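*Asks:*
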Amino acid sequence: MNGYTKNKLDKMAKIEQVTFDLLSTLPIKKIAVTDISKTAGVSKVTIFNYYETKQALIKKVIFDHFQTIYDQYEAIVQSDLSFEAAYRRLTQFELTEMQKNSGTLNQNIMTLYASDPNFYDQVAQDKSDQLILALVKKGRADNFINPRYNDETILSIFRIYNEGMKIFSDTPDKLFSMTDDLTSIFLNGLR
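No gaps in the numbering here: position 148 of the sequence shown is 148 in UniProt numbering, and each next residue is one more.
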């Protein structure tokens, strides 16, 4: 790797870390590219050369965060755990991640999810669906999921849940309650 490429990657890493830190402490509307550039020690022009828009930068930072979480989800689903143990571990992991993130970060993610129809694009939806279906396959193998529920029905339940999350984006306690409700439906209602 030449010096120019290394310098660019170092700047991008700093910009993205600063953006993540700001997303964890300030509402999106209060984050300005000027704040990011000052804190990261780069010019606004540099930021726009790398990311085009503030929205593109924020989306990349959040999706990189999601990718880390997705990788851990995938490891749990692909593990030797039974369906029920894997589902419970996934649910616990998700709740732990939400609690580990600042309330501001969770709120910013939900704000973007609820307000930007392109925030969660088709590629991300497909990855999520594949992960859910891998878990469902494990559930079927363990005779945990009633075979009369086809993949589309189960994906529909998860999509309804996700749409419901948008409604409660301002009230994290209700999100935790919805997660408990989905766990109950999934573990008890699909037998």
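Built from N, CA and C at the ideal position, the CB exists for glycine as well. In this text, all values refer to a predicted model and were calculated from it rather than measured experimentally.
Could you check where the alpha helix (DSSP H) with arginine 148 kicks off and where it finishes?
*Replies:* Here arginine 148 belongs to no alpha helix (DSSP H), and DSSP marks it neither H nor E.
*Asks:* The alpha helix (DSSP H) that contains aspartate 126, what's its start and end?
*Replies:* Its alpha helix (DSSP H) spans residues 122-141.
*Asks:* Just the C-alpha distance for serine 115 and threonine 5, rounded to the nearest angstrom, thanks.
*Replies:* Straight-line Cα distance between these residues: approximately 35 Å.
*Asks:* Return the chain-ordered list of same chain residues with a C-beta closer than 8 Å to the C-beta of alanine 56, the five sequence neighbours on each side being excluded.
*Replies:* Nothing meets the Cβ criterion.
*Asks:* So what's threonine 53 in DSSP terms, helix, strand or just coil?
*Replies:* Three-state result, threonine 53: coil.
*Asks:* Pop quiz: serine 28 and isoleucine 36 are said to be a contact at Cβ under 8 Å. What is the actual Cβ separation, rounded to whole angstroms?
*Replies:* A small fix is needed here, since residue 28 is isoleucine in this sequence, not serine. No, isoleucine 28 and isoleucine 36 are not in contact; Cβ-Cβ is about 12 Å, not under 8 Å.
*Asks:* Considering only residues of the same chain and omitting the five flanking positions on each side of residue 192, which have a CB-CB separation below 6 Å?
*Replies:* In this structure the chain extends from 1 to 191, so residue 192 is not present and cannot be described.
*Asks:* Rounded to the nearest angstrom, what separates phenylalanine 83 and glutamine 130 at their Cα positions?
*Replies:* The alpha-carbon atoms of phenylalanine 83 and glutamine 130 are separated by roughly 16 Å.
*Asks:* Please report how far the alpha carbon of glutamate 52 lies from the alpha carbon of tyrosine 149, in whole angstroms.
*Replies:* Between glutamate 52 and tyrosine 149, the C-alpha separation is close to 44 Å.
*Asks:* Does the Cβ-Cβ distance between valine 61 and alanine 134 come in under 8 Å?
*Replies:* Taking 8 Å as the Cβ cut-off, valine 61 and alanine 134 do not qualify as a contacting pair.
*Asks:* If you draw a straight line from the C-alpha of phenylalanine 144 to the C-alpha of isoleucine 154, how long is it?
*Replies:* Distance between the alpha carbons of phenylalanine 144 and isoleucine 154 is about 13 Å.
*Asks:* From this set, Ala32, Thr96, Gln122, which residue's C-alpha is nearest isoleucine 69's C-alpha?
*Replies:* Closest option to isoleucine 69, Cα to Cα, is Thr96.
*Asks:* For a quick check, are the C-beta atoms of methionine 12 and tyrosine 50 less than 8 Å apart?
*Replies:* Their beta carbons are under 8 Å apart, which means methionine 12 touches tyrosine 50 by this criterion.
*Asks:* Could you check the C-alpha separation between asparagine 101 and aspartate 121 for me, to the nearest Å?
*Replies:* Their Cα atoms are separated by approximately 22 Å.
*Asks:* List the whole-angstrom C-beta distance separating aspartate 71 from glutamate 16, where the pair is believed to meet the contact cut-off of C-beta under 8 Å.
*Replies:* Contact doesn't hold; Cβ gap of about 17 Å is too wide.
*Asks:* If you draw a straight line from the C-alpha of leucine 9 to the C-alpha of phenylalanine 158, how long is it?
*Replies:* So the alpha carbons of these two residues sit roughly 37 Å apart.
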